[in-house]
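Heads up: the sequence shown begins at 0 in numbering that gives the first Met the number 0, then just goes up one per residue. Positions of the beta carbon are idealized from the N, C-alpha and C atoms, including for glycine.
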Amino acid sequence: MDEHAFYTFLEDKHFIKLQELLKTSDDILDVITLKENQHSHMLAWCLNPNEGHGQRDAIIKDFLTAAYYASTEHKYDNKKFFHTWTPGLIHQTSFGSLFVCREFSIVDVHESRRRLDLFLIDPQNKFIVTIENKAGSTPDVTQLDDYQAAVKNALARNGCFQGYKFLFVAIDKWFNPSAENAVVSQANRWAFMNYQWLNKAAYRARLQSENHHASVQLLLSYCQKQTDWQSPVEQKISELSATLAIRYAPLVEYFYQQRNCSPVQWRASNFTGINAEMLLFLQQHRPLCDKLIQSRGIAGVLVNMKKALPDLQRDDGSNNLQISRTWFNFVTDTMLAISAETYWPLYVNIFREKSEHVSHRFGLRVFYAEAYLNEATSSSHSAFTDLIYQYFPAGRKSRAYDWKTLSHQCGLSAAEVVEQAKRLAQKIDAIIQQRNDETT
0 MDEHAFYTFL
10 EDKHFIKLQE
20 LLKTSDDILD
30 VITLKENQHS
40 HMLAWCLNPN
50 EGHGQRDAII
60 KDFLTAAYYA
70 STEHKYDNKK
80 FFHTWTPGLI
90 HQTSFGSLFV
100 CREFSIVDVH
110 ESRRRLDLFL
120 IDPQNKFIVT
130 IENKAGSTPD
140 VTQLDDYQAA
150 VKNALARNGC
160 FQGYKFLFVA
170 IDKWFNPSAE
180 NAVVSQANRW
190 AFMNYQWLNK
200 AAYRARLQSE
210 NHHASVQLLL
220 SYCQKQTDWQ
230 SPVEQKISEL
240 SATLAIRYAP
250 LVEYFYQQRN
260 CSPVQWRASN
270 FTGINAEMLL
280 FLQQHRPLCD
290 KLIQSRGIAG
300 VLVNMKKALP
310 DLQRDDGSNN
320 LQISRTWFNF
330 VTDTMLAISA
340 ETYWPLYVNI
350 FREKSEHVSH
360 RFGLRVFYAE
370 AYLNEATSSS
380 HSAFTDLIYQ
390 YFPAGRKSRA
400 YDWKTLSHQC
410 GLSAAEVVEQ
420 AKRLAQKIDA
430 IIQQRNDETT
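Structure follows, in structure tokens:
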């Protein structure tokens, strides 16, 4: 390894700033990583209207509303459930009588014991929600079918629950509702969701956090962590990590190759000079090196994306870019021109796919939210939306009530994702220009 590059890295002001920022976290979930069972405990706490998180039944309403929009077509028990429980009724109803059961043990039709993650039982509104929380692991179709049958066998026939409606929901942090998924089509008795429905709870908790109530702070921390929200400090950490990963790519690649080399594997014969210094640095600054390693794939894509689109090259591109360690969003100047001051209504998202088996594969999405068009565009927002859907018909099929996914591609190489993103950006710019020509 080139010792000059390593020593230059140590003197880089971006490294010094990143090192200091990583010392300032007061968030317990920056220190620990929740396991699947711990996620379920946290969800049980969030969904209990009688807990001290300060939101009563609001999180339950968020959850049920998100489950309603989770499928383009509900079937079986879920169809019956949402025939009654529409978003309007959910919003108007009190769920104060609801209680949560953890790891509820039931006997299935084969006389085998099944232990499910979460049950929501509401005796006042007469429904039972079964939640299987996978927290990043892929759900098994046969397992889900067995769980559903076991619940119906154990509870639907119980006279105590006569007249109750049933809802079955599987939650996976990495579930992508826009992608084709064989599990979803096969396990069609379940609604599939990720954690994005916690965004609303995080927003409410941020508004309440001025009271410095410990439970509110815990709720805020958990919801933000699961929805990939980043504080200003975390955003700066992501930007610095990406900058350093780009600038010192060979060094970061070395850290990646040595990340699993524990001290028990060190040998005196090669533990000398620059190699020894860098191995020690990796162990002494593990959180910092982990941030750099996480950024290494997406950082290279960002560099090439800036080369491909001139709008991202001007200054530091901060007006046109939102950067994280594993993804970034961008808009062209033309897209920026139709944006309100709050959010971009139309943007391109590039993300590194989560997989232990595939190296450096990326996904590409286009998101659209009519509500965030600026005043000049929103005066004819229906016509603009119709024009968008002419070119991106997938947007019409999306049941999402805010952000519509217009396009989704996955499994792309670094070169492919840049080329496809460039084409999408040019296509969107042409649509906006067409709309401008028609209205002038």
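| Query | Result |
| --- | --- |
| Hey, would you say the C-beta of GLU415 is under 7 Å away from at least one heavy atom of the ligand GDP? | The ligand GDP is not part of this structure, which contains no ligands at all. |
| Excluding the 5 residues preceding and the 5 following ALA155 in the sequence, name in chain order all residues of the same chain whose CB lies nearer than 6 Å to its CB. | none |
| Drop a sphere of 10 angstroms on the beta-carbon of ASN49, count the other beta-carbons inside from all chains shown, and report buried for 16 or more, exposed for fewer. | exposed |
| Taking the alpha helix (DSSP H) that HIS82 falls in, what are its first and last residues? | 75-83 |
| In angstroms with no decimal places, state the Cα-to-Cα distance between GLN257 and LEU278. | 8 Å |
| Considering only the alpha carbon of each residue, which of ASN348, ASP332, LEU363 and ASN373 lies closest to ALA429? | ASP332 |
| Can you tell me whether ASN175 is helix, strand or coil according to DSSP? | coil |
| Using a Cβ-Cβ cutoff of less than 6 Å, which residues in the same chain neighbour GLN123 once the five nearest sequence positions on both sides are dropped? | SER96 |
| With DSSP as the reference, label PHE14 as helix, strand or coil. | helix |
| Any idea what DSSP makes of ASP1, helix, strand or coil? | coil |
| Whose C-beta lies closer than 6 Å to the C-beta of ARG101 among residues of the same chain, with five residues either side of it excluded? | ALA43 |
| Any idea if TYR6 is buried or exposed, counting beta-carbon neighbours within 10 angstroms, 16 or more meaning buried? | exposed |
| Which residues in the same chain as ASN328 place their Cβ atom closer than 6 Å to its Cβ, once the five residues preceding and following it in sequence are excluded? | GLN321, TYR346 and ASN348 |
| Does HIS407 come out as helix, strand or coil in the three-state DSSP assignment? | strand |
| Given a cut-off of 8 Å, decide if ILE105 and ALA169 are closer than it, judged by their beta-carbon atoms. | no |
| In the DSSP assignment, find the unbroken alpha helix (DSSP H) run with GLY296 in it and report its ends. | 285-307 |
| Is it buried or exposed, HIS73, if we count other Cβ atoms within 10 angstroms and call 16 or more buried? | buried |
| How about ILE127 and ASP116: are their beta carbons less than 8 Å apart? | no |
| If we ignore side chains and look at the alpha-carbon of each, how far apart do ASN259 and THR64 end up? | 43 Å |
| State the CB to CB distance for the pair LEU287 and LEU88, rounded to an integer number of angstroms; the pair is presumed to be in contact (CB under 8 Å). | That pair is no contact at about 50 Å. |
| Thinking LEU423 and VAL365 are a contact (beta carbons under 8 Å), I'd like their distance in whole angstroms, please. | 6 Å |
| Got a sec, what are the start and stop residues for the beta strand (DSSP E) PHE366 sits in? | 361-367 |
| Rounded to whole angstroms, what is the Cα-Cα separation between PHE174 and PHE14? | 34 Å |
| Is the beta carbon of TRP196 less than 8 Å from the beta carbon of ASP61? | yes |
| Where do the ends of the alpha helix (DSSP H) carrying ASN132 lie? | Element bounds for ASN132: not the alpha helix (DSSP H) but the beta strand (DSSP E), 126-132. |
| Keeping to the same chain, check which residues put their C-beta closer than 6 Å to that of ILE236; ignore five residues upstream and five downstream. | LEU20 |
| Provide the residue(s) that pair with ILE170 in DSSP beta bridges, ordered along the chain. | ASN132 and MET192 |
| Could you spell out the range, first to last residue, of the beta strand (DSSP E) harbouring PHE254? | Note, PHE254: premise wrong, no beta strand (DSSP E); alpha helix (DSSP H) at 248-257. |
| In angstroms with no decimal places, state the Cα-to-Cα distance between LEU335 and LEU372. | 10 Å |
| Can you tell me whether ALA461 is buried or exposed? The criterion is at least 16 other CB atoms within 10 Å of its CB, across all chains shown. | No statement about residue 461 is possible, as the shown extent of the chain runs from 0 to 439 and does not include it. |
| Return helix, strand or coil for GLN123, following the three-state DSSP convention. | coil |
| According to DSSP, LEU372 sits in a beta bridge with which residue or residues? | SER338 |
| LYS164 by DSSP, collapsed to three states: which one? | strand |
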